[in-house]
Amino acid sequence: MAVGRCFRVYQKYVQGSPFSLIVENTRNSEDFLLFESGVVASLQNEGCEEFKRAYTRLVDAYGIMGIVQLFGQNNVHNDYLLLVTAVVSVGKINECDIYRVNGVQFVPMWRALPDGVIDPGDDRITEMQKLMSNGMFYFAFAADQSQLIDLSLCSQKRHQGSISDYRFFWNRTLHLPLQRFGVDTSKWLLRCMCGSVFMRTVYVGHRTAKACVISRLSCERMGTRFNVRGVNDYGHVANFVETEQVIFFEDQETSFVQTRGSIPLFWEQPGVQVGSHKVKLSRGFEASAPAYDRHFKLLKSYYGDQVIVNLLGSKEGEKMLSQAFKTHHDNSPHAKDVVSVTFDYHSMVRMGNKVQNMAILWRQLESCMHKFGYFHAEKNRVTRKQTGAVRTNCLDCLDRTNCVQTFLGLQALPWQLAQLRMESSQANVQTRFEEVFRDLWQKNGDQCSVIYAGTGALEGKSKFKDASRSVARTIQNNLMDGSKQEAMDLLLLGSADDGAASSVRRHVER
Numbered sequence: 001m002a003v004g005r006c007f008r009v010y011q012k013y014v015q016g017s018p019f020s021l022i023v024e025n026t027r028n029s030e031d032f033l034l035f036e037s038g039v040v041a042s043l044q045n046e047g048c049e050e051f052k053r054a055y056t057r058l059v060d061a062y063g064i065m066g067i068v069q070l071f072g073q074n075n076v077h078n079d080y081l082l083l084v085t086a087v088v089s090v091g092k093i094n095e096c097d098i099y100r101v102n103g104v105q106f107v108p109m110w111r112a113l114p115d116g117v118i119d120p121g122d123d124r125i126t127e128m129q130k131l132m133s134n135g136m137f138y139f140a141f142a143a144d145q146s147q148l149i150d151l152s153l154c155s156q157k158r159h160q161g162s163i164s165d166y167r168f169f170w171n172r173t174l175h176l177p178l179q180r181f182g183v184d185t186s187k188w189l190l191r192c193m194c195g196s197v198f199m200r201t202v203y204v205g206h207r208t209a210k211a212c213v214i215s216r217l218s219c220e221r222m223g224t225r226f227n228v229r230g231v232n233d234y235g236h237v238a239n240f241v242e243t244e245q246v247i248f249f250e251d252q253e254t255s256f257v258q259t260r261g262s263i264p265l266f267w268e269q270p271g272v273q274v275g276s277h278k279v280k281l282s283r284g285f286e287a288s289a290p291a292y293d294r295h296f297k298l299l300k301s302y303y304g305d306q307v308i309v310n311l312l313g314s315k316e317g318e319k320m321l322s323q324a325f326k327t328h329h330d331n332s333p334h335a336k337d338v339v340s341v342t343f344d345y346h347s348m349v350r351m352g353n354k355v356q357n358m359a360i361l362w363r364q365l366e367s368c369m370h371k372f373g374y375f376h377a378e379k380n381r382v383t384r385k386q387t388g389a390v391r392t393n394c395l396d397c398l399d400r401t402n403c404v405q406t407f408l409g410l411q412a413l414p415w416q417l418a419q420l421r422m423e424s425s426q427a428n429v430q431t432r433f434e435e436v437f438r439d440l441w442q443k444n445g446d447q448c449s450v451i452y453a454g455t456g457a458l459e460g461k462s463k464f465k466d467a468s469r470s471v472a473r474t475i476q477n478n479l480m481d482g483s484k485q486e487a488m489d490l491l492l493l494g495s496a497d498d499g500a501a502s503s504v505r506r507h508v509e510r
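With full-length UniProt numbering, the residue at position 255 of the sequence shown is 255, and numbering never jumps.
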């Protein structure tokens, strides 16, 4: 059953009485939500027909993301109900539909909206509306809740029965206002991830398989390209993305996970960014070492053993940053069990035989990747686990990282296909999967680049296309990223009050 506009919002305003909203789910006629005077209540439908007649219908929505809280003039507290009003179907995994959010509406919870008027009434809400409507947020829907897939979890964690991964649960703080009143948010609110979901059907003889590339962007140190770089004191890095190459085939499922993330040091690129961008280390070795250590402890706790692939070049600031990365790693406790591979992508690939030079990288990684393996389950029984992951970075963790992750994904693909026991008589099965995954990885790279840098990836195939995207990135990063950053902060904090207080609350509630 496909998702529909099953959430209906009504409003009531009578002079001299408090303004109130009610929300009902037309798929579930048992109860409804009442919002009035800062209180949320879940009420039974039975016996409330007369009460509900006093309300007028305002808007229908595909889902609710939660409540955004703002302080307006004179420190007045204003709440907005965040609704999903436009979606695009991405595809279906088993009995679960995956949707991309293409439009949202903010409904003020303290004043009535005239008929037909959609007025957020606050510039911060306008910017947040742009952010939420740009196609980088996804949610899952299933008529049978037991079939619902948690998009914050990779296949391996999902089969292990893990709870939602808060790193990739972007609207979690928007759930809190309802949870404080005892509302079961699993019945009323969506769980959204930010990143990309691309899938294709591949025919294997008379049977079909589903090929997917899913990227989950972490919200723990989120920001735009030049606003957020490097690591924070908690060990979280900018632009951290978990990417999963998944194949669903009959009652089997196999996945291969990689990660990317900014170099885990304290660094920045100050000033107006045009052309090559100046890199500056903002903390010395002693001040950076604890955060570096925390970062790799976190990676090991989430993914097991680690291998670093550092794609930084030898020009200008990249060389300095790469050397600092190596120095920190060589002097860290992780040097003994985390292999670090430095591969100057620009000099090794763009100025030589790409196939031969990528083979040089593969020879350094092959044994580790064989050791890490991949995940496989059959009939919901886990038969193999992935025990480690490759962590790739360049300067922005975009274009060069996209290319290398695609390469590594395609290297792991034959192992996954063999595990799925694809018919050996179908000689072109692997070729078809390679073609499909190349396309999915390219689209995934573009989406990751749009989120972080504002444009698609620079691929090196078309100089004109890459040049136009570089110009667009310069304009985006220097002129528009400030408001986008503010919108991201507002979404992740769930409210806009005193910045320090919000930051403390966010970490305490996590």
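We put the beta carbon where it would ideally sit given N, CA and C, even for glycine.
Own chain, CB closer than 6 Å to residue i, minus 5 neighbours either side, in chain order
i: GLU220; result: ARG167, HIS236
i: SER462; result: Here the model assigns SER462 a pLDDT of 46, short of 50, so the residue's position is not dependable, and the following value carries that caveat. Around SER462: no qualifying Cβ.
i: SER468; result: Interpretation of SER468 is limited by its pLDDT of 44, a score under 50 that renders its predicted location unreliable; no figure is taken from the coordinates.
i: ASN357; result: MET348, VAL349
i: ASN171; result: MET65, GLY66, CYS192
i: PHE266; result: GLY230, SER282, ARG283, SER288
i: ILE132; result: First, the residue type needs correcting, since residue 132 is Met and not Ile in the sequence shown. Same-chain partners within the cutoff: VAL104.
i: ASP439; result: none
i: ILE22; result: TYR10, PHE32, LEU34, TYR55
i: VAL197; result: VAL90, ILE98, TYR138, ILE214
i: VAL471; result: Any reading at VAL471 needs caution, since the residue's pLDDT is 42, under 50, leaving its predicted position unreliable; the model's value is listed next. Contacts found: none.
i: LEU178; result: VAL40, THR185
Residue i versus the options, residue with shortest Cα-Cα distance
i: LEU361; options: TYR374, HIS346, THR342, ALA377; result: THR342
i: LEU398; options: HIS376, GLY317, ASN428, ASN310; result: ASN310
i: GLY103; options: PHE437, LYS354, PHE7, THR85; result: THR85
i: GLY494; options: GLY63, CYS448, TYR80; result: TYR80
i: GLN364; options: LEU413, PRO414, ILE308; result: ILE308
i: LYS280; options: GLU250, GLU318, ARG158, PHE248; result: GLU318
i: ASP150; options: ASP144, LEU217, ASP165, MET136; result: ASP165
i: VAL390; options: TYR452, LYS92, VAL404; result: VAL404
i: ASP97; options: ILE22, ALA112, GLN147, MET488; result: GLN147
i: LEU420; options: ASP251, GLN179, THR126; result: ASP251
i: SER449; options: ARG294, LEU176, LEU217; result: LEU217
i: VAL107; options: ARG8, THR173, LYS210, PHE51; result: ARG8
i: SER262; options: TYR13, ASP123, ASN232, THR208; result: ASN232
i: LEU410; options: GLU46, ALA140, LEU174, VAL213; result: VAL213
i: ALA209; options: PHE248, TYR234, ALA238; result: PHE248
i: PRO264; options: VAL228, LYS278, PRO270; result: VAL228
Residue i burial status per 10 Å Cβ neighbour count (16 or more: buried)
i: GLY195; result: buried
i: SER17; result: exposed
i: ASP446; result: buried
i: SER215; result: buried
i: PHE181; result: exposed
i: ARG225; result: buried
i: THR243; result: buried
i: GLN485; result: buried
i: ALA54; result: exposed
i: GLU30; result: exposed
i: PHE325; result: buried
i: LYS187; result: exposed
i: GLN15; result: exposed
i: VAL39; result: exposed
i: TYR99; result: buried
i: SER155; result: buried
i: LYS12; result: buried
According to DSSP, residues forming a beta bridge with residue i
i: PRO108; result: TYR80
i: HIS334; result: According to DSSP, which records beta bridges pairwise, HIS334 is partnered with nothing at all.
i: GLY388; result: ASP305
i: GLU268; result: LYS280
i: TYR99; result: SER89, PHE139
i: ILE67; result: LEU81
i: GLY31; result: Residue identity check: residue 31 is Asp in the sequence provided, not Gly. ASP31 pairs with GLN44.
i: MET193; result: TYR138
i: HIS376; result: THR254, ARG384
i: TYR203; result: THR208
i: ILE214; result: VAL197, GLU244
heavy atom of the ligand FAD below 7 Å from residue i C-beta
i: GLN44; result: Absence of the ligand FAD from the depicted structure is noted, as is the absence of any ligand whatsoever, leaving it without description.
Own chain, CB closer than 8 Å to residue i, minus 5 neighbours either side, in chain order
i: ARG400; result: LEU311, TYR345, HIS346, CYS394
i: PHE169; result: SER152, ARG191, CYS192, MET193, CYS219
i: VAL338; result: PHE296, ASP305, GLN306, VAL307, ILE308, HIS329
Own chain residues within Cβ distance below 7 Å of residue i, not counting five before or after
i: ASP144; result: GLU95
i: ARG5; result: ASP60, ALA61, TYR62
> With contact counted as at least three CB pairs below 8 Å, one residue from each stretch, are the stretch 373-381 and the stretch 329-337 in contact?
Replying inline: No, they do not touch.
> Are three or more beta carbon pairs between the stretch 201-219 and the stretch 427-436 nearer than 8 Å?
Replying inline: yes
> Does the stretch 84-101 come close enough to the stretch 25-41 that 3 or more CB-CB pairs lie under 8 Å?
Replying inline: no
> Contact between the stretch 249-259 and the stretch 366-379: three or more CB pairs below 8 Å?
Replying inline: Taking a contact to require three or more Cβ pairs closer than 8 Å, the stretch 249-259 and the stretch 366-379 qualify as touching.
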